[in-house]
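Everything in the first sequence is counted per our numbering, starting at 1 for the first residue and increasing by one. Some notes on the structure that comes next.
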Amino acid sequence: MQRVAKDLLGKVLVTRVNKSLTSGIIVETEAYSFRERGCHAYDYLRTARTEIMFLPGGHAYVYLCYGIHQLFNVVTNKVDKPEAVLIRALQPMIGEEMMMKRMAVEKLTRITSGPGKLTKALGIDRKLNGNSLLNDEVWIEDIGTKIVKKDIVATTRIGIDYAGEDAELPWRYYIKGNPWISKA
DNA sequence: TAGAGGATTGAT
DNA sequence: TCAATCCTCTAC
């Protein structure tokens, strides 16, 4: 599943919400698994919220964090193996004007550099939770970009200090030197 | 049914 | 460093 997190780098996340097409290249991800405490579905914890992660790979898991931000994940494993990859940052491709409008800014800079921001820019919200990525509202495209191994940086994940030693797992991946990754 | 806390962000 | 803000989970 860490492999999936790395494979997603360089691919394109596309949404069509309210007839507006927006997309961006995935430049930063984090992996989550039932095997570690950083995951909502740790130890197969199955609740109304984590139910989505028990679906087969290829579904969208969207949830509200801190009451303010919606975070977008791709479910990556088989049925009843709750694992997901959080999309943390994008490089805008299509629909840049729409993104700027949604973010209420005039410049394109850094409007998708963070998991809570990119969902807002692409119009993603919890209505898309549980959607298949094969439908026409949100999906992933492979545009053939090859990210060479030496350009993938693996480091610790962000904001999960509560996970104890599992917070040390180097399951955050980003494209080396890419200006669109989240800061931290 | 009440209380605590969170895979964040932007302002101070 | 801290508040915003509300859904989710746990315990009573």
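Glycine included, each C-beta is placed from N, C-alpha and C at the ideal position.
Simplified DSSP assignment, three categories, for residue i
| i | result |
| --- | --- |
| R3 | helix |
| Y173 | strand |
| G24 | strand |
| R16 | strand |
| I147 | coil |
| I181 | coil |
| A48 | coil |
| T119 | helix |
| E30 | strand |
| E141 | strand |
| A41 | coil |
Close-in-space but distant-in-sequence residues of the same chain around residue i (CB under 7 Å, 5 per side omitted)
| i | result |
| --- | --- |
| E141 | K11, V12 and V14 |
| D161 | A167 |
| M100 | E106, L108 and I111 |
| L64 | Q70 and R126 |
| I147 | L9, G10 and I175 |
Beta carbon of residue i nearer than 8 Å to that of residue j
| i | j | result |
| --- | --- | --- |
| V105 | L8 | no |
| E83 | S20 | no |
| E163 | R37 | Sequence check: residue 163 is Ala here, not Glu. Cβ distance < 8 Å, so A163 and R37 count as in contact. |
| A89 | V27 | yes |
| V79 | L108 | no |
| A41 | T50 | yes |
| S113 | S182 | yes |
| W171 | A48 | no |
| G58 | N77 | no |
Cβ distance (whole Å) where residue i is taken to contact residue j below 8 Å
| i | j | result |
| --- | --- | --- |
| W180 | Q70 | The pair is not a contact, with the Cβ atoms about 19 Å apart (cut-off 8 Å). |
| E137 | N131 | 6 Å |
| Y173 | I152 | 6 Å |
| I240 | P115 | Here the chain covers residues 1 to 184 and nothing more, so residue 240 does not appear. |
| V75 | M53 | 6 Å |
| R102 | G123 | 6 Å |
Close-in-space but distant-in-sequence residues of the same chain around residue i (CB under 6 Å, 5 per side omitted)
| i | result |
| --- | --- |
| W139 | V14 and L133 |
| Y44 | F34 |
| A5 | T29, A31, V85 and Y173 |
| N178 | V27 |
Cβ neighbours of residue i in the same chain (closer than 8 Å, five flanking residues each side left out)
| i | result |
| --- | --- |
| T119 | V62, H69, Q70, L71, F72 and D125 |
| K150 | K176 |
Ordered list of beta strand (DSSP E) runs contained in the region 54-108, each at least 3 residues: Runs of the beta strand (DSSP E) spanning 3 or more residues and lying entirely within the region 54-108 occur at 60-65, 69-75 and 83-94, in chain order.
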